[in-house]
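Protein chains in written order, with my numbering: chain A, 1 to 173; chain B, 1001 to 1173.
Beta carbons are placed, not taken as given, at the ideal position from N, Cα and C, and that holds for glycine.
These figures come from a predicted structure and were not determined experimentally.
There are 2 protein chains.
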Amino acid sequence: MALGKDYPGQDCGLARALEVIGERWTMLVLRDAFYGVRRFGDFLAHLELPRAVLADRLAALVDAGVLEKRRYSDAPPRDEYLLTAVGRELWPMVYMLGQWGNRHLSGSRPFRVFHHSTCGRRLDRTGSCPACDRAVPPTEIEIRPGPGADPTRTDPVSVALRTPHRLLTPLST
Amino acid sequence: MALGKDYPGQDCGLARALEVIGERWTMLVLRDAFYGVRRFGDFLAHLELPRAVLADRLAALVDAGVLEKRRYSDAPPRDEYLLTAVGRELWPMVYMLGQWGNRHLSGSRPFRVFHHSTCGRRLDRTGSCPACDRAVPPTEIEIRPGPGADPTRTDPVSVALRTPHRLLTPLST
DNA sequence: ATCCTGGGTTCAGTGAATGAACTGACGCGC
DNA sequence: GCGCGTCAGTTCATTCACTGAACCCAGGAT
Chain A
1 MALGKDYPGQ
11 DCGLARALEV
21 IGERWTMLVL
31 RDAFYGVRRF
41 GDFLAHLELP
51 RAVLADRLAA
61 LVDAGVLEKR
71 RYSDAPPRDE
81 YLLTAVGREL
91 WPMVYMLGQW
101 GNRHLSGSRP
111 FRVFHHSTCG
121 RRLDRTGSCP
131 ACDRAVPPTE
141 IEIRPGPGAD
151 PTRTDPVSVA
161 LRTPHRLLTP
171 LST
Chain B
1001 MALGKDYPGQ
1011 DCGLARALEV
1021 IGERWTMLVL
1031 RDAFYGVRRF
1041 GDFLAHLELP
1051 RAVLADRLAA
1061 LVDAGVLEKR
1071 RYSDAPPRDE
1081 YLLTAVGREL
1091 WPMVYMLGQW
1101 GNRHLSGSRP
1111 FRVFHHSTCG
1121 RRLDRTGSCP
1131 ACDRAVPPTE
1141 IEIRPGPGAD
1151 PTRTDPVSVA
1161 LRTPHRLLTP
1171 LST
């Protein structure tokens, strides 16, 4: 968002939340993090956003405690970005917003569908399993390609997501 | 958001949703609409955003079918903005994001608290009533001032929200 | 020694947000 | 009829964030 990313006059938790995750691209970065994306280059290729913006967003999310930057290799030095416990609490909002968009704005052909990995049932619009009758945490969710998925994309993330995948687990490599 | 508000490469319901409600100020406009704000001037005074941005956001939300513009007076000509059924489906996201912000970013003093109007119990973090054990629709929610509310604001919306108020019902005038 | 890869930073150009000023339709008091 | 006030915008110069391309640097690989 341009010119002042915060909302100083709003005495409201929503305004505080939007100051952290309300900027352009940020929610999509988080979505990818839930999908298992951890590395700068993977975010970059999948989201097709300017590198400078990605670097800024990742740093802001780390700063806010939503992501954690962790070194997974010293030679060469490589870092990965992981959702913290605070960040993982955002899953219901990310999921429900995506479902809302699918229902009303996507011609109702879902791009990806989400199943409860332990029982196989497809999640309802609130993110609950109709069989188990409870909200399913992201660690128990399997993402599968849906009928609307774009088959032409060749970036590593799009390719990896063409096969079923458990949320929060890394995307190969 | 600056320079392209959409995410053309993202084959995802979340991206579609963010193109509609992901711009700066838009979620706060929706929050106010749930609180009962309906008129241009009330949004303007409560959100303290530039008039041009408000006009743009309201028009975009009407265009997307999230809000409905309805004439409530012919002389003088006056319109009000109401949430449509599609827009009202966004309540869980607005509520849960606000709760997440309260928990992690607001020093944990909530600005406003939400109760189930039929039984009086305070809603949990998912927007459900602990007593009735179900998700509460916004029409059954009463908003009350919380301990962190700013007592210095004098705009009509802030003043009206200092007394308990049912969501989606108009704020006096 | 040179190339390649991953993960950035720098920088000019663009376009959206800002805030103040202006417009226009109408109601009201005189 | 005339001025004043209100509501809902539109216009416009300025400011600042996003964009995309170029550049940088560390550490293998060749």
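- For A/Glu23, the three-state secondary structure derived from DSSP is coil.
- When C-beta distances to chain B are compared with 7 Å, the residues of the segment 92 to 109 of chain A below that value are Pro92, Met93, Val94, Met96, Leu97, Gly98, Gln99, Trp100, Gly101, Asn102, His104, Leu105, Ser106, in chain order.
- Within chain B, the residues whose beta carbon sits less than 7 Å from that of A/Tyr7 are Leu1028, listed in sequence order.
- In terms of beta-carbon proximity, B/Arg1122 stays away from the interface with chain A, with every pair separated by 8 Å or more.
- Along the segment 1007 to 1022 of chain B, going in chain order, the ones with a CB nearer than 7 Å to a CB of chain A are Tyr1007, Gly1009, Gln1010, Asp1011, Cys1012, Gly1013, Leu1014, Ala1015, Arg1016, Ala1017, Leu1018, Val1020, Gly1022.
- Boundaries around B/Leu1047 are those of the alpha helix (DSSP H), 1040 to 1047, since no beta strand (DSSP E) includes it.
- In the displayed model, A/Leu167 falls within coil according to three-state DSSP, outside both helix and strand.
- For B/Val1136, no beta strand (DSSP E) segment is defined, and its DSSP state is neither H nor E.
- Taking a 10 Å sphere around the C-beta of A/Ala15, we find 16 or more other C-beta atoms and assign the residue as buried.
- When 8 Å is used as the limit between beta carbons, A/Arg31 is near these residues of chain B: Cys1012, Leu1014, in chain order.
- If you ignore the 5 residues before and after A/Phe40, its C-beta comes within less than 6 Å of no other C-beta in its own chain.
- In its own chain, leaving out the 5 sequence neighbours on each side, no residue places its CB closer than 8 Å to the CB of B/Glu1089.
- At least one CB atom of chain A sits nearer than 8 Å to the CB of B/Asp1150.
- The continuous beta strand (DSSP E) containing A/Asp79 extends over residues 77 to 83.
- Listed along chain B, the residues sitting closer than 7 Å to A/Leu90 by beta-carbon distance are Trp1100.
- A direct Cα-to-Cα measurement between B/Glu1019 and B/Leu1082 gives close to 20 Å.
- The C-beta distance from B/Asp1006 to A/Asp150 rounds to 15 Å, too long to meet the 8 Å contact threshold.
- Take A/Glu142, set aside five residues on each side of it, and the residues of its chain with a beta-carbon closer than 6 Å to its own are His115, Ser117, Pro164, Arg166, in chain order.
- In the DSSP assignment, B/Phe1114 forms a beta bridge with B/Ile1143.
- The C-beta distance from B/Trp1025 to B/Arg1057 rounds to 6 Å, short enough to meet the 8 Å contact threshold.
- Residue environment analysis places B/Gly1107 among the exposed positions, since fewer than 16 neighbouring C-beta atoms fall within 10 angstroms of its C-beta.
- In this structure, B/Asp1032 sits near B/Val1157, with a CB-CB distance shorter than 8 Å.
- The beta carbon of A/Leu61 sits closer than 6 Å to the beta carbons of Leu67 from its chain, once the five residues preceding and following it are set aside; these are given in chain order.
- For B/Val1157, there are no neighbours in chain A by C-beta distance under 8 Å, as the nearest C-beta there is about 11 Å away.
- For A/Ser158, the uninterrupted alpha helix (DSSP H) segment begins and ends at 156 to 160.
- When DSSP states are grouped into helix, strand and coil, B/Asp1063 belongs to the helix group.
- Against chain B, the CB of A/Val86 has a partner CB under 8 Å away; the residue lies at that interface.
- Taking all protein chains in view, the Cβ of B/Pro1076 is surrounded by fewer than 16 other Cβ atoms within 10 Å, so the residue is classified as exposed.
- Here A/Asp63 is exposed: its Cβ has fewer than 16 other Cβ atoms, across all protein chains shown, within 10 Å.
- Taken through DSSP and simplified to helix, strand or coil, A/Asp11 comes out as coil.
- Going by C-alpha positions, B/Val1053 is about 42 Å away from A/Asp133.
- Contact note: B/Glu1048 reaches chain A through Gly9, using a C-beta cutoff of 7 Å and chain order.
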